[in-house]
Amino acid sequence: MTTPAELQERVDLARMLLSSGRTSIDDQPLLDEIGVAALPPEPELAALLSIPFPPGLEPVPQPFTPRPASSDKLPEADVVVVTWTVAEHEALCDVLTPRFSRLTWIRYDRDFATKYDAQIRAGAPAKKSRSLGSYFVTKIGNKKVLCFKSELHLNQDGVKTGDGTATIPVKDLFLQIIAEAKPNVVLTVGTCGGIDVDHDLGDVLVTRGAKFRLQSEFKKEPFANRAFTSDWALPTTQFAKAEELMAAFAGNLREPEFGPPTKRYNFTGPLLKAKPNKPSIIHEAGGTPANTIPALHPILSTDFFEFGTSNNASELLQTGCGLEMGDAALGLAVSELASPPKWAVIRNISDPQINGDLPTGSRALNMQAHWAVWYYEAFGYHTSVNSALATWAIVAGL
178 MTTPAELQER
188 VDLARMLLSS
198 GRTSIDDQPL
208 LDEIGVAALP
218 PEPELAALLS
228 IPFPPGLEPV
238 PQPFTPRPAS
248 SDKLPEADVV
258 VVTWTVAEHE
268 ALCDVLTPRF
278 SRLTWIRYDR
288 DFATKYDAQI
298 RAGAPAKKSR
308 SLGSYFVTKI
318 GNKKVLCFKS
328 ELHLNQDGVK
338 TGDGTATIPV
348 KDLFLQIIAE
358 AKPNVVLTVG
368 TCGGIDVDHD
378 LGDVLVTRGA
388 KFRLQSEFKK
398 EPFANRAFTS
408 DWALPTTQFA
418 KAEELMAAFA
428 GNLREPEFGP
438 PTKRYNFTGP
448 LLKAKPNKPS
458 IIHEAGGTPA
468 NTIPALHPIL
478 STDFFEFGTS
488 NNASELLQTG
498 CGLEMGDAAL
508 GLAVSELASP
518 PKWAVIRNIS
528 DPQINGDLPT
538 GSRALNMQAH
548 WAVWYYEAFG
558 YHTSVNSALA
568 TWAIVAGL
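Numbering-wise (my numbering), the sequence shown opens with residue 178 and increments by one.
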């Protein structure tokens, strides 16, 4: 049972992880006005991956000339891809908009002051940057893809409106993106916590469902336990190719040899080695039994940093396939539309199932949370390359 103190610590951890990697440039509200030439050198984490996509299906970035104003409407697109954190954003750039880093994307703040400002808590990143996100367009085959990095998050922005209720401006952002871009398909992509012990670091979960699992600031909202699904034939013809491309980066997901942190522990054996990892796409459409999750088995969206452990796995797997912090907001948004777009969730496992025998308690001694955070910080970018490749596969198969 999570205590109130531990729950608040998990809320704080969620906000820390969602902001991880941000710099003062990200908080610059007039980024486009200072000019791309004035930007600092590319972040070290970004890479020229040189991915050998099939001819004719390689992502082709579409730079804007002239650059749109931040208050302009979003361009229309066949597909919208939404991501969340800096690590996820970097990976999406390197896979889908190669040579165009996150700092060259177009800032977007349309209606921020009139529609969103009052819904965002003081201290939230979006409050500092006064931005809703940034975007870039790419083409995959004949599909125009609007890639969008959100500055709003379920766990980051809410203004308390009551006991267990709060504003949820990211839902309004989803509705605004859909209204302006008019996509046929919306995909959310990012990291998640693994639940099943057989799901490896870097595996990618693909599902057409999302369910709220809310126990903190939204626990008394009417949608606190709602599930949402998008019933459509998700294309899988390029999944095998994506897994082949993912295999080239498997070395970046090698977990280090491990032992107790000091010799004070009663342990005299050699350092432990993790089992080999071959990342794969785990989805609803079939494949081998190991690569299948139940049809419309949703991702679980929490309002605190929750992760799967060997103790809670059996309970969690009854209702969902992985743990993250926001995708059900898309399901909530499209549930309000008479003619919603198709949608799906693409989540890479950045922190695998954690050993439930490790101690919890206060943050300083909570070794379960320590390792879940360490995995994300160490592997968030590299696992996100895999979910970006899975995103490419879905768009290429449309």
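Here a beta-carbon is modelled for each residue, glycine too, at the ideal position from N, C-alpha and C.
All values derive from a computational prediction rather than experimental measurement.
Selection Leu535, Asn525 and Gly533 evaluated against Tyr553 yields Asn525 as nearest (Cα-Cα). A direct Cα-to-Cα measurement between Pro302 and Ala264 gives close to 16 angstroms. For Asn525, the three-state secondary structure derived from DSSP is strand. Less than 8 angstroms separates the beta-carbon of Leu382 from that of Ile459.
In terms of Cα proximity to Ala573, the closest of Leu234, Met544 and Lys396 is Leu234.
For Asp377, same chain residues with a beta-carbon under 6 angstroms away, outside a window of 5 residues either side, are Asn454 in chain order. Taking every protein chain shown into account, the CB of Val374 has fewer than 16 other CB atoms within 10 angstroms, so this residue is exposed. Taking the Cβ atoms as the reference, Gly310 lies roughly 6 angstroms from Phe325, within the contact range of under 8 angstroms. The stretch 349-361 makes contact with the stretch 501-520: 3 or more CB pairs, one atom from each, lie closer than 8 angstroms. Scanning its chain for C-beta atoms nearer than 6 angstroms, with the 5 sequence neighbours on each side dropped, one finds around Gly533 the residues Thr486, Ser487 and Asn488, in chain order.
Annotated three-state conformation of Phe277 is coil, per DSSP.
Sorting Val362, Pro456, Gly198 and Lys359 by C-alpha distance to the C-alpha of Phe416 places Pro456 at the top. Our two residues, Pro240 and Ala254, have alpha carbons roughly 14 angstroms apart in a direct line.
Counted as a single uninterrupted DSSP element, the alpha helix (DSSP H) harbouring His547 occupies residues Met544 to Gly574. Straight across, the Cα-Cα distance linking Phe389 with Glu267 is about 27 angstroms. Sequence-distant partners of Asp380 (beyond 5 residues in either direction) whose C-beta falls short of 6 angstroms from its own C-beta, in its chain, are Pro456, Ser457, Ile459 and Ile526. Rounded to the nearest whole angstrom, the CA to CA distance from Arg385 to Glu461 is 8 angstroms. By the criterion of a C-beta distance shorter than 7 angstroms, Glu328 is surrounded in its chain by Pro302, Ala303, Ser306, Ser308, Leu309 and Gly310, once the five residues flanking it on both sides are discounted. With distances taken between CA atoms, Ser247 lies nearest to Ile283 out of Ile283, Thr414 and Gly428. Annotation for Pro437: Phe444 place their beta carbon closer than 8 angstroms to its own, counting only its chain and skipping 5 residues before and after. At the C-beta level, Leu350 and Asp480 stay beyond 8 angstroms of one another. Bounds of the beta strand (DSSP E) holding Glu501 are Gly499 to Glu501. Assignment of beta-bridge partners to Ile476 by DSSP yields Ala387.
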